[in-house]
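First comes the structure, then the notes that go with it.
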Amino acid sequence: MSHRRRPNAAGPPPPEGIGGSSTAEASSTGEERPDLPWAWALGSERRVLALALAFRAANALLVRTYFNPDEHWQCLEVAHRIVFGYGHLTWEWKRGLRSYLHPFIFAALYKILSLLHLDSPWFMAMAPRLLQSVFASFGDLYLYKLSKLIFNNHVAQWALFSQLVNWFMFFCITRTLSNSMETVLTVTGLYYWFVAIESVKGNSVVSKQQAASKQSPPSRKMALLIAALACAIRPTSAITWLYVGLLDFIQMKSKSRFIFLEVVPLGVFVLAVTTFLDCWMYGSRIIVPLNFLKFNLFSSGGDYYGTHVFHWYFSQGFPSMIWTFLPFSISGILKSREWRLAGLIVWVLVVYSILGHKEFRFVLPVLPFMFMFSGHNLAAMAQLKGKGHNEKGRLSRLKLSVILLILTNVPMALYMSLYHQRGTEDAMLYLSREAHDGRVKSVLFLMPCHSTPYYSTLHYNLPMRFLDCTPSENKGTLDESDRFLMNPADFVGEVFGNLSSFSHIVLFESEERHVKLLLRNSFQEVRRFFHSHFKVDRDLQSSVVVYSQKSNA
244 MSHRRRPNAA
254 GPPPPEGIGG
264 SSTAEASSTG
274 EERPDLPWAW
284 ALGSERRVLA
294 LALAFRAANA
304 LLVRTYFNPD
314 EHWQCLEVAH
324 RIVFGYGHLT
334 WEWKRGLRSY
344 LHPFIFAALY
354 KILSLLHLDS
364 PWFMAMAPRL
374 LQSVFASFGD
384 LYLYKLSKLI
394 FNNHVAQWAL
404 FSQLVNWFMF
414 FCITRTLSNS
424 METVLTVTGL
434 YYWFVAIESV
444 KGNSVVSKQQ
454 AASKQSPPSR
464 KMALLIAALA
474 CAIRPTSAIT
484 WLYVGLLDFI
494 QMKSKSRFIF
504 LEVVPLGVFV
514 LAVTTFLDCW
524 MYGSRIIVPL
534 NFLKFNLFSS
544 GGDYYGTHVF
554 HWYFSQGFPS
564 MIWTFLPFSI
574 SGILKSREWR
584 LAGLIVWVLV
594 VYSILGHKEF
604 RFVLPVLPFM
614 FMFSGHNLAA
624 MAQLKGKGHN
634 EKGRLSRLKL
644 SVILLILTNV
654 PMALYMSLYH
664 QRGTEDAMLY
674 LSREAHDGRV
684 KSVLFLMPCH
694 STPYYSTLHY
704 NLPMRFLDCT
714 PSENKGTLDE
724 SDRFLMNPAD
734 FVGEVFGNLS
744 SFSHIVLFES
754 EERHVKLLLR
764 NSFQEVRRFF
774 HSHFKVDRDL
784 QSSVVVYSQK
794 SNA
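Quick note: the sequence shown uses my numbering, first residue 244, plus one each step.
Structure, rendered in structure tokens:
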């Protein structure tokens, strides 16, 4: 069904037109608008962007923990290899499952840092997240614009508040994961898609001229271009755009024109550009999206990294991400009756639930839409005019809700970003400084594979070795990580002997006690970094320990 604003919808009244001014809205209702306390900063979209840029920059600087290996190993490590000539490519790159499009963005950043001689350990670690914070800021801006387009300015303010306060968005959106970029592109693309719907369904002179000449709105082509880019970075983004496109395609009068003059040309253009880039970088003819979908969807290759029950996204994953905003979002869905957008969220969760391997980040692109509904509910709460609700009561209820959301999200955002699982990042920054001072010759990581950043953070070309976890074609074959965790001492003795070929060894405290006898003769502890207060999916990894050869200390 096509999107239309409903003046009689429950909740806060929409403005008279798209992007209606807040002054006009206030005068039309005859009372003062209950804006956010900092609504003065949101008087224009430029101010919204400025606020988002400042907030996300601080956000990026406060993210000092390790979340998912792909942030480093599938993006920054590849970008570092492109620019500096060294960096590890995981097995996915050897099988052609990843596109170089996303790493190339950060390769450009590394090149600039290199030319300006700013490629110090601190800049190499923080600059990528600062760059991602810029992209995240535009995601915030377009969430604000989309909320304003579908609902009104007041809802847009509260939607932005919800997105900025939510703990998981703070924790994840400035990380260099392809899912973070996909989220920004999804929100931006949907904004242009809904603008196109409004221009066709509206009564403006421009839309009438377009209808008369049978031209599609330029915003729809922009939406399709952004959708194609999202699919190039994350082929599974097609799940989102399949739902969005089909709902409108059913009601289109000129279906063939839409397919052959819009979807196909734009899709082929983006596919050709990304395929050319990938063929150039891989050195052979390759179509990455086909390999990616074949491995992850048709052969369930992702199941190698673990599976979850079907209902995990509904019962654990998504509720943990949205956290205490969940009841506000559900209430906002019911009040707004914006079933199309709510249906998109459910559709994505259901489709991803079919896949065995599940991760929080996979459904990150639809998380912002829940904040639109949360914003709708908070705006409705602020404008409640029912009987028995005086001004003081309304504000008290709203203030209690805001206090609850802040108290349950901000501390968690800061804890997860500053403390939980930070030891591996601290250890690599320490090794980077030591390596640049000439005190590190080689490093062995006796920990589950990809537990730390790698050359992109070390930024020094010296021998390093980690435990391999490349999937075996023979089911049941244990990789090095599994073998080490089953019997650390025996594995180390069998594979690495007396460890004399390494100047430094890095391991978790949980494994340290099993190999301490092997280390005590030639190695000594030089640094211990706090890592975590509680276990995640293995034994408690409370600290990361760095050992150095005694002759090196």
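Glycine is no exception: its CB is placed at the ideal position from the N, C-alpha and C atoms.
message: Suppose you measure from the CA of Asn422 to the CA of Leu607; what does that come to, to the nearest Å?
response: Near 7 Å, if we compare the C-alpha coordinates of Leu607 and Asn422.
message: For Thr567 and Asn652, which I take to be in contact (beta-carbon distance under 8 Å), what is that distance rounded to the nearest angstrom?
response: Their Cβ separation, rounded to whole angstroms, is 7 Å, which keeps Thr567 and Asn652 in contact under 8 Å.
- request: Just the C-alpha distance for Ile827 and Pro654, rounded to the nearest angstrom, thanks.
  value: The shown model of the chain, from 244 to 796, leaves out residue 827, and the question about it has no answer.
query: Quick one, are the C-beta atoms of Val683 and Leu689 less than 7 Å apart?
result: The answer is no: Cβ separation not under 7 Å.
Spatial neighbours of Phe557 in its chain, beta-carbon cut-off 8 Å, leaving aside the 5 residues before and after: The beta carbon of Phe557 is closer than 8 Å to those of Leu592, Ser596 in its chain, skipping five residues each way along the sequence.
message: For Trp401, count the other beta carbons within 10 Å of its own beta carbon; 16 or more makes it buried, fewer makes it exposed. Which is it?
response: Buried, since its Cβ has 16 or more Cβ neighbours within 10 Å.
- prompt: Looking only at DSSP bridge pairs, what is Val552 linked to?
  reply: None, per the DSSP bridge assignment.
- request: Compute the Euclidean distance between the alpha carbons of Asn409 and His774, then round it to the nearest angstrom.
  value: In this model, Asn409 and His774 are separated by some 23 Å (Cα to Cα).
query: Since Glu505 is in the beta strand (DSSP E), which residue starts that stretch and which ends it?
result: Counting along the chain, Glu505 falls outside any beta strand (DSSP E), and DSSP gives it neither H nor E.
- prompt: In the structure shown, what three-state DSSP assignment does Gln799 receive?
  reply: Outside the modelled stretch of the chain, which goes from 244 to 796, sits residue 799, for which no answer is possible.
message: Taking the straight line between their C-alpha atoms, what separation do you get for Thr426 and Trp336?
response: If I take the Cα positions, the gap works out to 23 Å.
DSSP-derived helix/strand/coil call for Gln767: Reduced to three states, the DSSP call for Gln767 is strand.
query: Mapping DSSP to helix, strand and coil, what is Ile801?
result: There is simply no residue 801 to check, as the chain begins at 244 and stops at 796 in what is shown.
message: What does the alpha-carbon distance come out to for the pair Phe413 and Asn764?
response: Roughly 45 Å between the two C-alpha positions.
- prompt: What is the C-beta distance between Gln375 and Thr308, in whole angstroms, given that I count them as a contact (C-beta under 8 Å)?
  reply: Rounded, the Cβ-Cβ distance is 15 Å, inconsistent with contact.
task: Tell me whether Leu721 sits in a helix, a strand or coil according to DSSP, three-state version.
output: DSSP places Leu721 in coil when its eight states are reduced to three.
task: Closer than 7 Å by C-beta to Val398: which residues in its own chain qualify, once you throw out the five before and the five after it? Chain order, please.
output: The residues are Pro255, Ser390, Gly618, His619, Ala622.
- request: Pull up the DSSP beta-bridge partners for Arg708, would you.
  value: In DSSP, Arg708 forms a bridge with Leu687.
Exposure label - Ile476; buried when at least 16 CB within 10 Å: If you draw a 10 Å sphere on the C-beta of Ile476, you find 16 or more other C-beta atoms in it, and that means buried.
message: In the DSSP output, which residue or residues are listed as bridge partners for Val606?
response: BP columns for Val606 are empty, so no partner.
- prompt: Do you know how far the Cα of Val589 is from the Cα of Leu569?
  reply: Going from the Cα of Leu569 to the Cα of Val589 covers about 14 Å.
task: Look up Ser786 in the DSSP assignment and say whether it is helix, strand or coil.
output: DSSP places Ser786 in strand when its eight states are reduced to three.
message: Rounded to whole angstroms, what is the Cα-Cα separation between Ala538 and Glu716?
response: In the sequence on display, residue 538 carries Phe and not Ala. Each residue's Cα considered, the two are about 13 Å apart.
message: Which same chain residues end up closer than 8 Å to Leu352 when comparing Cβ atoms and leaving out the 5 residues on each side of it in sequence?
response: So the list reads Ala322, Ala370, Pro371, Leu374, once near-sequence residues are dropped.
- request: Check the DSSP bridge columns for Phe773 and list the partner residues they point to.
  value: Answer is Ser786, bridged to Phe773.
message: When you compare the CB of Val593 with every CB in chain B, is at least one pair closer than 7 Å?
response: The structure shown has no chain B; it contains just one protein chain.
Start and end residues, alpha helix (DSSP H) containing Arg463: Here the alpha helix (DSSP H) through Arg463 covers 461-476.
- request: Give the range of the alpha helix (DSSP H) segment to which Gly666 is assigned.
  value: 666-679 is the extent of the alpha helix (DSSP H) around Gly666.
message: Within 10 Å of its beta-carbon, does Met649 have 16 or more other beta-carbons around it, so buried, or fewer, so exposed?
response: The sequence given here places Ile at residue 649; Met does not occur at that position. The residue is exposed, with fewer than 16 neighbouring Cβ atoms inside 10 Å.
- prompt: Going by the CB atoms, is the gap between Ser685 and Thr667 shorter than 7 Å?
  reply: In this structure, Thr667 lies away from Ser685, with their beta-carbon atoms at least 7 Å apart.
field: Residue burial classification, Pro532 (beta-carbon count within 10 angstroms, cutoff 16)
entry: With 16 or more Cβ atoms within 10 Å of its Cβ, Pro532 is classed as buried.
message: If I measure Cβ to Cβ from Val789 and keep anything under 8 Å in the same chain, skipping five residues before and after, which residues do I get?
response: So the list reads Ala670, Tyr673, Leu674, His747, Ile748, Val749, Glu768, Val769, Arg770, Arg771, Phe772, once near-sequence residues are dropped.
task: Using alpha carbons as the reference points, say which of Asp521, Phe614, Phe535, Lys578 lies closest to Ile565.
output: It is Phe614 whose Cα lies nearest to the Cα of Ile565.
message: Alpha carbons only, please: which of Thr429, Ser574, Leu319, His360 is nearest the one belonging to His345?
response: The residue with the shortest Cα to Cα distance from His345 is Leu319.
field: Contact under 7 Å by Cβ, Pro461 with Arg676
entry: The Cβ-Cβ distance between Pro461 and Arg676 does not fall below 7 Å.
task: Kindly indicate which three-state DSSP category Phe310 falls into: helix, strand or coil?
output: Here Phe310 carries a coil assignment [DSSP, helix/strand/coil].
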